[in-house]
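So that you can map any letter, position 242 of the sequence shown is 230 in the working numbering, and since no number is skipped, the others follow by simple counting.
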Amino acid sequence: MEFKRRAVYVRARVHRRRRVRRRRRLLLLGILVLVAAAATLAAAELAGENGTERTMPERMLSGLTLPDTGAELEYGRSGMGRPLNAYRFGSGENTLLLTFAIHGYEDSFAADGAVLVYTAYQLMAALDQSAALLEASDWTVYVLPCLNPDGLYDGHTNDGPGRCTVVSLDASGAGVDMNRCFPAGWKAMTGARNFNGGAPLACVEAVALARFAEEVQGTGRSVCIDAHGWYQQTITSDGADGSLFALFHSRFPDNTWADCRNGEGYFTAYTAELGYDSCLFEFPGDVYSFEGFLEKGYAERFTACVLELLAGGAQGEER
-11 MEFKRRAVYV RARVHRRRRV RRRRRLLLLG ILVLVAAAAT LAAAELAGEN GTERTMPERM
49 LSGLTLPDTG AELEYGRSGM GRPLNAYRFG SGENTLLLTF AIHGYEDSFA ADGAVLVYTA
109 YQLMAALDQS AALLEASDWT VYVLPCLNPD GLYDGHTNDG PGRCTVVSLD ASGAGVDMNR
169 CFPAGWKAMT GARNFNGGAP LACVEAVALA RFAEEVQGTG RSVCIDAHGW YQQTITSDGA
229 DGSLFALFHS RFPDNTWADC RNGEGYFTAY TAELGYDSCL FEFPGDVYSF EGFLEKGYAE
289 RFTACVLELL AGGAQGEER
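Structural data, given as structure tokens:
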């Protein structure tokens, strides 16, 4: 009898040990699954849609979301076939046209045009919350987050493709500096940095943008603000004592003034000729990385300036 009890006891211990080992194996398997999942997520963060390594702009701009209230409009296609999108907020008689990243590469760090795209999305997030303001002040706002997506994603330099588009309508096929190719004050430029083709509007991106600016011009006041970096200037069409320079001076007091109508082939020189109060805004030059731009809070300051403009309605027109 004693022998039987002992045998039962031994079998029970064996079963308990087996259960413990099974639980340990299951726990280890669960940990391995979690580790594998974490690795997959990490790889996804570094990879594009086709599984290739993400480009620097994709890493900088990951996590941005489209606006909830802005109506998406495709106003054209880039030379490489990417959609050129605008987002419309409000439906007033006054028009505010805001454009970003006409240069995919500016002059601070690789693909730094991405911070301008980031600023556009921060601005749109604020506009999502500003429907009452737009209605009360009678504005329609158009935000074009990336005028030169091919330069941003496929380019590689601030002295050629990157700053410039990647392809063009020019016989050479070389990319052009979009901010030197508009009809206002155009003159031929042949250097790699500012190459603008054999005639105005020498790339499909510029043709689409020129047409869009003409089509959306309001019946009330029309304002165009084109964001750049990093020359610390507020280049306007309404004078050093005008409302646009004063608007940005309140939050960017070290920016200097220049007349955008003197810009040879500038987009804002073109919109000024159309009748827009125009501003080429250059962020300050103390930015050397995406993280540095975030730390300075420049996107938030820019957004505050735009909201102040909208709150003023059609006041402060060109003097």
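Every residue gets a Cβ at the ideal spot worked out from N, C-alpha and C, and that includes glycine.
It should be emphasised that the depicted structure is a prediction, and the values quoted were computed from it without experimental measurement.
Query: Of all the options Ser66, Leu115, His216, which has the alpha carbon lying nearest to the alpha carbon of Asn243?; Result: His216
Query: In three-state terms, what does DSSP make of Ala108?; Result: helix
Query: Using the three-state DSSP reduction, which class does Glu279 fall into: helix, strand or coil?; Result: helix
Query: From Gly251 to His144, what does the alpha carbon distance come to, in whole angstroms?; Result: 25 Å
Query: Secondary structure at Pro149, three-state DSSP: helix, strand or coil?; Result: strand
Query: Using the Cβ count rule (16 or more neighbours within 10 Å means buried), how would you classify Ala299?; Result: exposed
Query: Leaving out five residues before and five after Thr57 in sequence, what residues of the same chain have Cβ atoms less than 6 Å from its Cβ?; Result: Asp116
Query: For Asn82, tell me which candidate among Pro45, Thr153, Tyr130 has the shortest Cα-Cα distance.; Result: Tyr130
Query: Is it buried or exposed, Tyr254, if we count other Cβ atoms within 10 angstroms and call 16 or more buried?; Result: buried
Query: For Pro310, I'd like the list of residues in its chain whose CB is within less than 6 Å of its CB, leaving aside the five on either flank, ordered along the chain.; Result: No statement about residue 310 is possible, as the shown extent of the chain runs from -11 to 307 and does not include it.
Query: Given Gly78, which residues of its chain have a CB within under 6 Å of its CB, disregarding the five upstream and five downstream residues?; Result: Leu122, Trp127, Thr128, Val129
Query: Please state whether the Cβ-Cβ distance between Leu85 and Ala201 is less than 8 Å.; Result: yes
Query: According to the neighbour-count rule (16 or more other Cβ atoms, all chains shown, within 10 Å of its Cβ), is Ser96 buried or exposed?; Result: buried
Query: My understanding is that Met68 touches Asp147, with C-beta atoms under 8 Å, so please give their C-beta distance in whole angstroms.; Result: 20 Å between Cβ atoms; not a contact.
Query: Residues in the same chain with beta-carbon distance under 6 Å from Tyr286, minus the five sequence neighbours each way, listed in chain order, please.; Result: Phe271
Query: Let me confirm a value: Glu203 is counted as buried when at least 16 other C-beta atoms fall within 10 Å, else exposed. Which label applies?; Result: exposed
Query: Specify, as a first and last residue, the run of the alpha helix (DSSP H) that Glu199 falls within.; Result: Note on identity: in this sequence residue 199 is Arg, with Glu being the wrong assignment. Residues 192 to 204.
Query: Below 8 Å on the Cβ atoms is my guess for Leu235 versus Asp226; work out the distance and round it to an integer in Å.; Result: Not really, about 10 Å apart at Cβ, beyond 8 Å.
Query: Expressed to the nearest angstrom, what Euclidean distance is found between the alpha-carbon atoms of Ala120 and Gly185?; Result: 44 Å
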